[in-house]
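Engineer: Quick note on the working numbering: the sequence shown kicks off at 4 and runs consecutively.
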Amino acid sequence: MSQEEGAAERILDAADELFSTRGFAAVSMRDVADQAGVKKASVFYHHGSKSVLFDKVLERYYDAHVLALSRAADGEGSVAERLHRLIDAYLDFIEDHQRYVRLVQMEIASASENLPRIRHGLALISDRVAAILDGLVPETGPLAARHFFVTFSGIVNAYHLYAPALAPTWGEDPLAAGPRRERREHVHWIADALLERLQA
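1) Exposed or buried, which one is Tyr162 when buried takes at least 16 other CB atoms within 10 Å?
2) Under 7 angstroms Cβ to Cβ from Gly205, same chain only, skipping five residues before and after it: list those, please.
3) When we look at the beta-carbon of Leu136 and count the other beta-carbons within 10 Å, is it buried (16 or more) or exposed?
4) Which value, in whole angstroms, describes the spacing of the CA atoms of Ala170 and Arg131?
5) Do you know whose CA, among Ile90, Val35, Ser23, lies nearest Ala194's CA?
6) Can you round the beta-carbon distance between Ala92 and Ala75 to whole angstroms, since I take them to be within the 8 angstroms contact cut?
7) Below 8 angstroms CB to CB, which residues in the same chain sit around Leu21 once its five sequence neighbours on both sides are set aside?
8) Return the chain-ordered ranges of every alpha helix (DSSP H) run that is complete within the region 4-38 and spans a minimum of 4 residues.
9) Could you tell me the boundaries of the alpha helix (DSSP H) in which Glu98 lies?
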């Protein structure tokens, strides 16, 4: 990686961290430059504007998200196996990209100007989930793929959002390896219970 590419990546990482902790509106290009250890002009040179920078942060997340779900779609197997792969892909993505949940939730909660960008990204992911579940669930109604997407993404996202508040009550970090393993097993159990009901 060249020095220029390295600077562009550091700026992107700095913006990602700041946007996910403060929100888009509260972050300035000066803040990003200071966090990245570069001059403000370098931020504009590499990324153009704060909106473009936010787009690039989101795009990086959504590219990784779609890739993870694409891997989940590979291969055959039972309905349960396919659903478990889908859940595991989403859990893996969130565990590897923990700032994503905070970033998106913060922008949605504040009715940010970035909502159209977030809607577009969520549509890509929702469409991918629908493709994976094609033929397994009805196209419409309470058992449609869109509901499965919201249900399981909500189960995963809420856990990661609540983790800092849960830690004192639990006496351990919910994001440590052991609790994350337990959580994964729990989400698989929920999926299996839903499938049993669906197939009954």
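Backbone N, C-alpha and C define an ideal beta-carbon position, used for all residues, glycine too. Small disclaimer: the values here were computed from a predicted structure and weren't measured.
Structural biologist: This is what the structure holds:
1) Residue 162 sits at position 159 when you count from the first residue of the sequence shown. By the 10 Å Cβ count, Tyr162 comes out buried.
2) As shown, the chain starts at 4 and ends at 203. That puts residue 205 outside it, with no answer to give.
3) The sequence position of residue 136 within the sequence shown is 133, counting from 1. Residue burial annotation: Leu136 is buried, with at least 16 other C-beta atoms found within 10 angstroms of its C-beta.
4) Your numbering for residue 170 matches position 167 in the sequence shown. Your numbering for residue 131 matches position 128 in the sequence shown. Rounded to whole angstroms, Ala170 to Arg131 spans 33 angstroms at the Cα level.
5) Walking along the sequence shown from the start, residue 194 turns up at place 191. Residue Ile90 is the option with its Cα nearest to Ala194.
6) Stepping through the sequence shown from its first residue, residue 92 is reached at position 89. Stepping through the sequence shown from its first residue, residue 75 is reached at position 72. Contact holds; Cβ gap of about 4 angstroms.
7) Along the sequence shown, read from residue 1 onward, the residue named residue 21 stands at position 18. Cβ within range, chain order: Val30, Asp34, Val35, Gln38.
8) As far as the region 4-38 is concerned, its whole alpha helix (DSSP H) runs of at least 4 residues are 6-25.
9) Within the sequence shown, the letter at position 95 stands for residue 98. Here the alpha helix (DSSP H) through Glu98 covers 82-99.
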